[in-house]
Amino acid sequence: MKKIALILMMSILLSACSQNVAETTGQMTTDDQKHSVPLEDILSGGPPKDGIPSIDEPEFTSVADAEVFLEDDGIGLAVSFDGVDRFYPFQILVWHEIVNDTIGSQDALITYCPLCGSGIVFDPTVNGETSEFGTSGKLWESNLVMYDRQTDSYWSQILGEAIVGEMTGASLELLPHQNLRWKDWKAAHPNGEVLSRETGFDRNYTSTPYDSYELTENLYFPVSLQNNLYHSKAPVYGIEVDGKFKAYLIENLQGGNFTDTLADVSLNIDFDADTQEIHIQREDTGENIYPVYSFWFSWAAAHHETETYSN
137 MKKIALILMM SILLSACSQN VAETTGQMTT DDQKHSVPLE DILSGGPPKD GIPSIDEPEF
197 TSVADAEVFL EDDGIGLAVS FDGVDRFYPF QILVWHEIVN DTIGSQDALI TYCPLCGSGI
257 VFDPTVNGET SEFGTSGKLW ESNLVMYDRQ TDSYWSQILG EAIVGEMTGA SLELLPHQNL
317 RWKDWKAAHP NGEVLSRETG FDRNYTSTPY DSYELTENLY FPVSLQNNLY HSKAPVYGIE
377 VDGKFKAYLI ENLQGGNFTD TLADVSLNID FDADTQEIHI QREDTGENIY PVYSFWFSWA
437 AAHHETETYS N
């Protein structure tokens with residue numbers, strides 16, 4: 137009996153030690169669930185699940201009222217549906233990373249990863265139903281890992297794809313959006329709506345917890361591949377065509393219309409050098425392609441075989 141009790145005690149201690157190791161490293165080590173990336177590559181970002189709170193009931197203000205707290209060169213996500221034009225400032229998103237919203241008749245998942253500079257908008261449909269998303273507290277390739285509140289699956293923002301859980305391998309549809317400066321967006325949409333700082337959370341929206349992070353080459357978290365072709369934080373537009381990937385370094389782009397090719401598909405590209413607004417369309421089908429704006433290191437780490445554009 138004593139021997140059995142000792143074995144039970146050792147089992148409990150070993151289990152506790154294993155749990156403590158996982159908590160200390162922040163790595164996901166459980167392999168009894170479906171996943172498409174190595175679980176050890178999914179790291180803790182520091183805050184726990186929902187520790188960075190999503191905005192689930194967003195309020196909006198007018199352009200005139202937003203002038204009080206937004207600077208002309210401040211960047212944000214611009215989204216328009218059904219005659220409704222909205223601007224989501226990064227100075228607010230940096231504290232929340234996710235906004236669950238409905239724009240006109242379109243449900244929209246507004247996402248921003250400060251570590252990667254990536255602002256991306258998705259259709260939040262999971263299993264045929266609209267789902268809310270939150271922050272998991274995890275990172276993959278130094279990028280935001282979201283979770284859906286329907287299946288609790290984990291989703292990579294930069295991939296727009298579920299990487300752990302029931303929905304592994306499923307993708308979110310990209311919605312049309314632009315990363316624009318406040319001065320450019322307000323000039324085009326004087327009657328638009330701006331995400332309000334009245335979020336229900338006590339945050340200092342005049343500051344950022346990331347200081348001068350985007351100005352240096354340094355990363356806060358490791359990535360599987362650091363491609364040194366460009367400055368790690370250089371902004372790029374990344375696209376996918378028929379399973380092939382390509383990055384467009386923004387500083388290399390000239391204004392106007394030009395053509396390019398990816399996966400043997402001709403692309404018509406229209407880039408405004410002043411506003412950095414970009415539109416890409418397949419020549420064969422006329423389908424619009426919605427680019428992902430991010431730091432170079434993030435796009436390259438998530439897409440090891442990415443091509444790059446040279447003019």
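So the working numbering is basically just the index in the sequence shown, starting at one, shifted up by 136.
Positions of the beta carbon are idealized from the N, C-alpha and C atoms, including for glycine.
Owing to the predicted nature of the structure, the values given are computational and were not obtained by experimental measurement.
Residue closest to residue i, alpha-carbon to alpha-carbon, out of the options
{"i": "D186", "options": "G210, S172, H232", "result": "H232"}
{"i": "L175", "options": "F381, T444, S292, N388", "result": "S292"}
{"i": "F337", "options": "I405, G328, L229, D347", "result": "L229"}
{"i": "V257", "options": "V220, V215, T395", "result": "V215"}
{"i": "N327", "options": "S198, P189, H171, P194", "result": "S198"}
{"i": "E443", "options": "N404, E265, Y366, Q169", "result": "Y366"}
{"i": "G422", "options": "I405, A438, V428", "result": "I405"}
{"i": "S254", "options": "G296, T352, G379, H171", "result": "G296"}
{"i": "M303", "options": "T335, Q169, E441", "result": "Q169"}
{"i": "G264", "options": "G391, A200, A306", "result": "A306"}
{"i": "I239", "options": "L351, E334, E329", "result": "E329"}
Chain-order list of residues whose beta-carbon lies under 6 angstroms from that of residue i (same chain, five-residue window excluded)
{"i": "E159", "result": "Since pLDDT at E159 reaches only 38, below the 50 mark, its modelled position is unreliable, and no value is offered."}
{"i": "Q242", "result": "F217"}
{"i": "Y426", "result": "L310, P312"}
{"i": "G219", "result": "none"}
{"i": "W435", "result": "V372, G374, A383"}
{"i": "E277", "result": "V359, A437, A438"}
{"i": "T344", "result": "V230"}
{"i": "A409", "result": "G391"}
{"i": "N339", "result": "One detail in the question is off: residue 339 reads as Arg in this sequence, not Asn. Once the five neighbours on either side are set aside, the close Cβ partners of R339 are W231."}
{"i": "E353", "result": "S368"}
Identified DSSP bridge partners for residue i
{"i": "V401", "result": "L398"}
{"i": "V467", "result": "Only positions 137 to 447 of the chain appear in this structure, which leaves residue 467 out of reach."}
{"i": "A244", "result": "D237"}
{"i": "M282", "result": "T271, W291"}
{"i": "V377", "result": "K380"}
{"i": "A298", "result": "W291"}
{"i": "W276", "result": "I178, N279"}
{"i": "S254", "result": "C249"}
Presumed contact (8 angstroms Cβ cut-off) between residue i and residue j, rounded CB distance
{"i": "C249", "j": "L280", "result": "4 angstroms"}
{"i": "G374", "j": "S446", "result": "G374 to S446, Cβ: 15 angstroms. No contact."}
{"i": "P184", "j": "D237", "result": "No, P184 and D237 are not in contact; Cβ-Cβ is about 24 angstroms, not under 8 angstroms."}
{"i": "T411", "j": "L316", "result": "6 angstroms"}
{"i": "I178", "j": "V300", "result": "7 angstroms"}
{"i": "F394", "j": "E441", "result": "F394 to E441, Cβ: 23 angstroms. No contact."}
{"i": "I294", "j": "V428", "result": "7 angstroms"}
{"i": "P260", "j": "L245", "result": "4 angstroms"}
Beta-carbon spacing of residue i, residue j below 8 angstroms
{"i": "P225", "j": "L331", "result": "yes"}
{"i": "D284", "j": "V262", "result": "yes"}
{"i": "E268", "j": "D347", "result": "no"}
{"i": "D396", "j": "H325", "result": "no"}
{"i": "I234", "j": "S190", "result": "yes"}
{"i": "L251", "j": "Y341", "result": "no"}
{"i": "W448", "j": "F205", "result": "Any answer about residue 448 is impossible in this case: the structure gives the chain only from 137 up to 447."}
{"i": "E207", "j": "W318", "result": "yes"}
Other residues of its chain near residue i: CB distance less than 7 angstroms, five sequence neighbours each side excluded
{"i": "Q314", "result": "A214, E413"}
{"i": "V157", "result": "The predicted position of V157 is uncertain, since its pLDDT is 29 and thus under 50; a value taken from the coordinates is nonetheless stated next. Closer than 7 angstroms at Cβ, skipping near neighbours: no residue."}
{"i": "S272", "result": "K185, V281, M282, Y283, Y290"}
{"i": "I188", "result": "H232, E233, T271"}
Other residues of its chain near residue i: CB distance less than 8 angstroms, five sequence neighbours each side excluded
{"i": "W432", "result": "N363, L365, Y366, H367, S368, K369, A370, P371, V372, A383, L385"}
{"i": "V377", "result": "L398, A399, V401, L403, R418, I425"}
{"i": "D420", "result": "V401, S402"}
{"i": "G379", "result": "A399"}
CB contact check: residue i to chain D, cutoff 8 angstroms
{"i": "D338", "result": "Among the chains of the structure shown, chain D does not appear; only one protein chain is present."}
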